[in-house]
Amino acid sequence: QDNASFLWGHEWDVFSNIVGSKFTEWFNRYGPVYRMKGAFFHPDILVIADHAAINHIMSTNSYNYVKAPFFSPVVERLIGRGIIWSEGSLHKRFRRLMDSTFSPAKIRDMSPEVFEATSNLCTRLVQHLQNHHGEATIDALSWASSATLDVIGRVGFGYDFKAGESEEADEIKEGWAEQVIAGMSPTAFYAEVVLRAFPILLSLPVKSMQAQGRMKVTMDKLSRRLIDSAEASSFVEERKGVNFLATMCRSMFPRWELGPYLTMTVNASGEGKMTTQETIDNVRAYSIAGYETSAMTASMVLWELAKQPSCQQKLREELVKLGREPSYDDLSSSSELQYLDAVVKEGLRCYPAAANYGRVALEDDVLPLDTPITTPSGEVVTEIRIQAGQAINLPHISINTLESVWEDGQSFRPERWIEPNGLPPKSKTLTSWSNMMTFSMGPRMCLGYRLAILELKAILAVLVRNFTFELTDDKVEKRYAVVLQPKVVGKEGPQLPLKVTISA
1 QDNASFLWGH EWDVFSNIVG SKFTEWFNRY GPVYRMKGAF FHPDILVIAD HAAINHIMST
61 NSYNYVKAPF FSPVVERLIG RGIIWSEGSL HKRFRRLMDS TFSPAKIRDM SPEVFEATSN
121 LCTRLVQHLQ NHHGEATIDA LSWASSATLD VIGRVGFGYD FKAGESEEAD EIKEGWAEQV
181 IAGMSPTAFY AEVVLRAFPI LLSLPVKSMQ AQGRMKVTMD KLSRRLIDSA EASSFVEERK
241 GVNFLATMCR SMFPRWELGP YLTMTVNASG EGKMTTQETI DNVRAYSIAG YETSAMTASM
301 VLWELAKQPS CQQKLREELV KLGREPSYDD LSSSSELQYL DAVVKEGLRC YPAAANYGRV
361 ALEDDVLPLD TPITTPSGEV VTEIRIQAGQ AINLPHISIN TLESVWEDGQ SFRPERWIEP
421 NGLPPKSKTL TSWSNMMTFS MGPRMCLGYR LAILELKAIL AVLVRNFTFE LTDDKVEKRY
481 AVVLQPKVVG KEGPQLPLKV TISA
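Numbering (our numbering), first residue to last: 1 to 504.
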């Protein structure tokens, strides 16, 4: 490996450069598996892009690999003890109980709420442009965030965030912005390193942690208010299948268990029903996880389309040719709006929200390898023996774009999803959705991926059909704070400015 800092190892290089760039550089130089020095005398970290090893860690033996001890309290403070926080048997239980909540039928039921939110986004943006003589520079991330929060309010809580302008929406957005700004600073790197070494310090009043707590309180307030109404009224029956809080409530209150939308009741092992707190934690988990992640991807895709006007125009022509607003069936198919489907897949490949994925081995294990590696002693090996406690990093953004797998993988090129032989051969594919790590894989695969894809397609369809996006003079780069974030060089916080006009 490259020379490492005595105190900060290779981790400062990873943090201070564009997200994924150092991982990709080292994969290209050393191959799909290497060790890097941890900061503050942390043991070496095994960094992996080898597909056989990834399949083993994420699918074959996934419950042997858990979040680092210091990271679990951070997740709990942000989203509670839900499915994202959980490990082992508790995670298996949550996944069994929640699986049908995000079935294709449930997503279809939620689609009118998604379309209502994206229609509101279009109306608000038209009004904004009319107030600015038909042209304006907007923060695409902020506008997309308002839309995704609106969607999450509707399909998560059955609650109207009023296009991201309600008091609760402001609380959530402000809390998120505070923690992201804090997470982008060098102080965040040093704090993480120290907290990893001394987890007891997590109880201190760190600013970004307090911001996480405020978001959690707001989500709790909404969830409890609606659960109380479910106990006392016909809330659950009236909101049949529309939002996943109502779906979960039907598993909690016996009088609704005979309804046609019954889900999450007693499973095969007898571990049935979530408690009120578990329900709140899981609704919150999917709400927070789905809020900024989809907004980030949507805004980055708009940025790519602004950089490539021919791609933007090609997508607009496909949407206009449809002759109407896309339906759920249009957006759930990969053939009806083929170029939109390709644009969304390419955006998810290039801009995975969880750009890095860290795990720690619970027990000794043996990782199989697709690509044999040569050890420093000169031995060629086809498997790696690891010990309990070994830290592992799967950098999703690098795995998704490696040019040894994806031809011109660093480039945003939707056509690869349509052209003959545009995708990697099966010998180089993962068992994940569309051969990418964006939604993870195996037991840890995101249950809400269908909703995320529908949301992205709906947002991009309404925006690209009705508006034209152009670049500004700002230099945008990718940073990582909680999730992948666009940042303007020289300015504070996440943002993505674009020039917008109403399409002719």
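Glycine included, each C-beta is placed from N, C-alpha and C at the ideal position.
For clarity, every value in this text was computed on a predicted model and none was experimentally measured.
- Around the CB of G323, fewer than 16 other CB atoms lie within 10 Å, so the residue is classed as exposed.
- The alpha carbon of V500 has as its nearest neighbour, out of A306, Y449, F115, the alpha carbon of A306.
- Nearest in C-alpha terms to M436, of all of H51, E25, F15, is H51.
- Taking all protein chains in view, the Cβ of Q130 is surrounded by fewer than 16 other Cβ atoms within 10 Å, so the residue is classified as exposed.
- Per the coordinates, the alpha-carbon of D329 lies some 10 Å from the alpha-carbon of L454.
- Counted as a single uninterrupted DSSP element, the beta strand (DSSP E) harbouring K478 occupies residues 476-481.
- Distances from the alpha-carbon of G31 to those of V381, M445, I373 put I373 closest.
- 8 Å or more divides the Cβ of K314 from the Cβ of S434.
- Between Y286 and G448, the gap from beta carbon to beta carbon is short of 8 Å.
- Runs of the beta strand (DSSP E) lying entirely within the stretch 388-465, each at least 3 residues long, are 391-394 in chain order.
- In the structure shown, the three-state DSSP call for T275 is coil.
- Here P112 carries a helix assignment [DSSP, helix/strand/coil].
- Per the C-alpha coordinates, the member of F412, R413, N393, E470 positioned closest to G20 is N393.
- Under the rule that a run must span 4 or more residues, the alpha helix (DSSP H) segments found entirely inside the stretch 275-343 read 276-307, 309-322, 328-332.
- Annotation: the continuous alpha helix (DSSP H) that includes K22 extends over 21-30.
- Under the three-pair Cβ rule at 8 Å, the stretch 157-177 does not count as touching the stretch 464-474.
- With respect to V482, V180 sits close: the two C-beta atoms are nearer than 8 Å.
- Counting the other Cβ atoms within 10 Å of the Cβ of Q485 gives 16 or more, which makes it buried.
- Judged by DSSP secondary structure, I181 falls within the alpha helix (DSSP H) whose first and last residues are 167-184.
- In the DSSP assignment, D370 falls outside any alpha helix (DSSP H) and within the unbroken beta strand (DSSP E) covering 365-374.
- The stretch 37-113 contains, as complete alpha helix (DSSP H) runs of 4+ residues, the segments 51-55, 71-79, 88-98 (chain order).
- At the C-beta level, P326 and N400 stay beyond 8 Å of one another.
- Judged by beta-carbon spacing, P414 lies within the 8 Å limit of A342, meaning their Cβ atoms are closer than that value.
- Checking the DSSP bridge columns, you'll see I138 partnered with L498.
- Contact check for A452 against G290 passes: the beta carbons are separated by less than 8 Å.
- Within the same chain, Cβ atoms closer than 6 Å to the Cβ of I288 are found at I79, the five residues on either side in sequence being excluded.
- Between the stretch 86-100 and the stretch 122-142, the count of C-beta pairs closer than 8 Å stays below three; the two stretches do not touch.
- A straight-line Cα-Cα distance of about 36 Å links A295 and L369.
- Across the structure, S72 and I200 are spaced so that their CA atoms are roughly 12 Å apart.
- Excluding residues up to 5 positions away in sequence, F157, Y159 lie with their Cβ nearer than 6 Å to the Cβ of L222 in the same chain.
- According to the DSSP secondary-structure assignment, I386 is paired through a beta bridge with D365.
- Rounded to whole angstroms, the Cβ separation of R124 and A163 is 6 Å, and the two are in contact under 8 Å.
- Annotated as proximal: I45 and A391, with beta-carbon spacing under 8 Å.
- Straight-line spacing of the CA atoms in K106 and E113 works out to 12 Å.
- For V66, the closest of R77, R444, Q495, D473 by C-alpha to C-alpha distance is R444.
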